[in-house]
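Presented below is the structure to which this report refers.
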Amino acid sequence: MVQTSPIPQAAFVGGSGSNISPKMQAAICTSYGNNFDDILSIQNGIATPTLDDKPPSGFKNGMLIKVLSVALAPGDVRVMSGKTKEFQGKRYDVHMIIYSYVCIYLIATNNILCRAL
Amino acid sequence: MSCTIGPPSFPYTPGGDVCGIVVAVPEEDKKKGEKCKFKVGDKIAARFANKPMGMLGEYALVNTDICDVVPDGISSEGAAALVSSGMVGVILSDYIKEGDRVLIFGAGGGVGSHLCQMVKNQGASYVAGVSNDPKRLMESPLNCDYAIDYKKTNAFTDVKEWQENPFDVIFDLSGGAWPQLVKQKKSKSPSIIKPGNKGGRYLTTTPDNPWFELHTVVAMFSTFIAPSLKRYLSSRLLSRRSMPKYSYVLALPSNDVVVKRTLKLAADEKLVPCIDPKGPFPFTNEGVRDAFRLQESRHAKGKVVIKVAEE
Numbered sequence: 001m002v003q004t005s006p007i008p009q010a011a012f013v014g015g016s017g018s019n020i021s022p023k024m025q026a027a028i029c030t031s032y033g034n035n036f037d038d039i040l041s042i043q044n045g046i047a048t049p050t051l052d053d054k055p056p057s058g059f060k061n062g063m064l065i066k067v068l069s070v071a072l073a074p075g076d077v078r079v080m081s082g083k084t085k086e087f088q089g090k091r092y093d094v095h096m097i098i099y100s101y102v103c104i105y106l107i108a109t110n111n112i113l114c115r116a117l
Numbered sequence: 118m119s120c121t122i123g124p125p126s127f128p129y130t131p132g133g134d135v136c137g138i139v140v141a142v143p144e145e146d147k148k149k150g151e152k153c154k155f156k157v158g159d160k161i162a163a164r165f166a167n168k169p170m171g172m173l174g175e176y177a178l179v180n181t182d183i184c185d186v187v188p189d190g191i192s193s194e195g196a197a198a199l200v201s202s203g204m205v206g207v208i209l210s211d212y213i214k215e216g217d218r219v220l221i222f223g224a225g226g227g228v229g230s231h232l233c234q235m236v237k238n239q240g241a242s243y244v245a246g247v248s249n250d251p252k253r254l255m256e257s258p259l260n261c262d263y264a265i266d267y268k269k270t271n272a273f274t275d276v277k278e279w280q281e282n283p284f285d286v287i288f289d290l291s292g293g294a295w296p297q298l299v300k301q302k303k304s305k306s307p308s309i310i311k312p313g314n315k316g317g318r319y320l321t322t323t324p325d326n327p328w329f330e331l332h333t334v335v336a337m338f339s340t341f342i343a344p345s346l347k348r349y350l351s352s353r354l355l356s357r358r359s360m361p362k363y364s365y366v367l368a369l370p371s372n373d374v375v376v377k378r379t380l381k382l383a384a385d386e387k388l389v390p391c392i393d394p395k396g397p398f399p400f401t402n403e404g405v406r407d408a409f410r411l412q413e414s415r416h417a418k419g420k421v422v423i424k425v426a427e428e
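Which chain is which? The protein sequence lines are Z and H, in order. When the letters of the first sequence are read in order and numbered with the numbering used here, they come out as residues 1 to 117. When the letters of the second sequence are read in order and numbered with the numbering used here, they come out as residues 118 to 428.
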């Protein structure tokens, strides 16, 4: 069984199998760009993630948290901009994946060599 | 679930580095016999896994491999800042040796604000910063020995003391300092950094153009791979007597070792989380949009943080 906590706030109105609401409020981005007024908003009724969700790629050992604070980084804006969507987006083709791994390998090797020398 | 997968699967929820309270943990891994190391009610800080997305909501799934319990006395805003930029600052500071003279480009941003503190902790003898708010760099907790405004002062030519007593290490967090060093070398004017054969090191976390676009493998190669490999090799083989050793540092380990270390440093008051004074931004339409605008400007003074809920 999944261990869950009592939920004290009004937003958590109970859900199947736990007392966490199946719906939540979340920031939603609707398309690429940097006109944040148009593409970014807080919306209600977003499905609350659960431990049974299929996790995003490269993500394992998931744990559910009630979010208190979120820090932004350049990557947040870059992903949203679409300027790197072929590499940081969802739909890759095979050669893109292979080349990406080669790039990561070369940069990692660079770091290792740097420390060694 | 499409909301947490991310682009180009729209809509998605942005946000990657987070602090929150554990409300559900996975059951015991029966194959490995391992129980989750966290329990319901723990206040944890987590770095993003793979892609920065899925965190900016009331609830989020985090990867237990890249998070740790937040020590008492650290706010949720501070913890979110630490697990993101603070952690990178800690990793970069490992390149510092006792007595190094250090120059940091982009010293006022999220990573820079934490790196300024960490290089002092590591025993640097002199720390100088470049940003658009030099006064802040010289105040606590950053405590730089000297700072300049890049809009008013050219770091490569205008500070005589830096040319007379060049740095051991340059951290380029804003991008574009290497071409300036090459230009200096070609003009045969005194360099502000020691050459590689005398211990000079140049470390960066960004390409020359921080607003880079990558749409093809060729662009990936010409933006990241070719310049970093060329500079890495030439600075060690061909120009080690005139240029510092170049390194492009990837500072995102996929384990909790540095997360633990960063939070411990903060608990021991050796690292103070730095949050842009305009924040923490409220979890409203305007608040979130303003936070993204500030992040996009690359002129944040510390970390851009959004407060989603009270503790």
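Ideal placement from N, C-alpha and C gives every residue a C-beta, glycine not left out. Predicted model, so just to flag it, every value in this text is computed and none were measured.
Considering only C-alpha positions, which residue in the set Gly33/Z, Pro22/Z, Lys23/Z and Leu72/Z is nearest to Phe127/H?
-> Gly33/Z
What residue does the beta strand (DSSP E) around Lys252/H start on, and which one ends it?
-> Element bounds for Lys252/H: not the beta strand (DSSP E) but the alpha helix (DSSP H), Pro251 to Leu254.
Distance between Ser304/H and Ser371/H (C-alpha atoms, nearest Å) = CA-to-CA, the gap between Ser371/H and Ser304/H works out to about 43 Å.
Mind checking who Leu40/Z pairs with in its DSSP beta bridge?
-> Cys29/Z
Would you report the Cα separation of Ser31/Z and Asp37/Z, rounded to the nearest angstrom?
-> 12 Å
Selection from Tyr176/H, Leu173/H and Ala196/H that minimises the alpha carbon distance to Lys184/H = The sequence given here has Cys at residue 184/H, not Lys. Nearest of Tyr176/H, Leu173/H and Ala196/H to Cys184/H, Cα basis: Ala196/H.
Which residue comes first and which comes last in the alpha helix (DSSP H) that contains Leu199/H?
-> Neither: Leu199/H is in no alpha helix (DSSP H) and is coded neither H nor E.
CA nearest to the CA of Glu194/H, picked from Ser21/Z, Cys29/Z, Leu40/Z and Leu72/Z | Leu72/Z
Starting from Pro49/Z, find everything on chain H with Cβ-Cβ shorter than 7 Å and list it in chain order.
-> Thr121, Tyr176, Ala177 and Leu178
Provide the residue span of the beta strand (DSSP E) that contains Cys184/H, from first to last.
-> Looking at the DSSP string, the run of the beta strand (DSSP E) that includes Cys184/H is Cys184 to Val186.
Within the 9 Å Cβ cut-off, does Asn402/H reach chain Z?
-> Closer than 9 Å: yes.
Do Pro324/H and Pro344/H come within 9 Å of each other at the CB atom, strictly closer than that value?
-> Judged by beta-carbon spacing, Pro324/H lies within the 9 Å limit of Pro344/H, meaning their Cβ atoms are closer than that value.
What does a CB cutoff of less than 7 Å around Gly17/Z pick up in its chain, not counting 5 residues either side in sequence?
-> Residue placement at Gly17/Z cannot be trusted, given a pLDDT of 40 that sits under 50; what the coordinates show is reported in the next sentence. Same-chain partners within the cutoff: there are none.
Looking only at DSSP bridge pairs, what is Arg378/H linked to?
-> In the DSSP output, where bridge partners are listed per residue, Arg378/H has none listed.
Identify which residue in Ser69/Z, Asp52/Z and Ser81/Z has its Cα closest to the Cα of Ala26/Z.
-> Ser69/Z
Looking at chain Z, which residues of the stretch 365–391 of chain H have a Cβ within less than 8 Å of any of its Cβ atoms?
-> Hits within the stretch, in order: Tyr365, Val366 and Leu367.
Inspect the CB distances between the stretch 288–297 of chain H and the stretch 228–244 of chain H and report whether three or more fall short of 8 Å.
-> Yes, the stretch 288–297 of chain H is in contact with the stretch 228–244 of chain H.
From Lys361/H to Gly317/H, what does the alpha carbon distance come to, in whole angstroms?
-> Per the sequence shown, the amino acid found at residue 361/H is Pro instead of Lys. Looking at the two C-alpha atoms, the distance is approximately 4 Å.
Contact belief for Tyr243/H with Asn110/Z at Cβ below 8 Å, rounded distance in angstroms | Rounded, the Cβ-Cβ distance is 28 Å, inconsistent with contact.
For my contact list, Arg357/H and Pro312/H are in at a C-beta cut-off of 8 Å; report their separation, rounded to the angstrom.
-> 6 Å
Three-way DSSP call (helix, strand, coil) for Thr50/Z in this model | coil
Going straight from the alpha carbon of Pro251/H to that of Ile265/H, what length do you get?
-> So the two alpha carbons sit approximately 5 Å from each other.
Please report how far the alpha carbon of Ile65/Z lies from the alpha carbon of Asn180/H, in whole angstroms.
-> 10 Å
Three-state secondary structure (DSSP) of Gly137/H | strand
DSSP state of Met360/H, grouped into three classes?
-> coil
Beta carbon of Ala384/H nearer than 9 Å to that of Phe398/H | no
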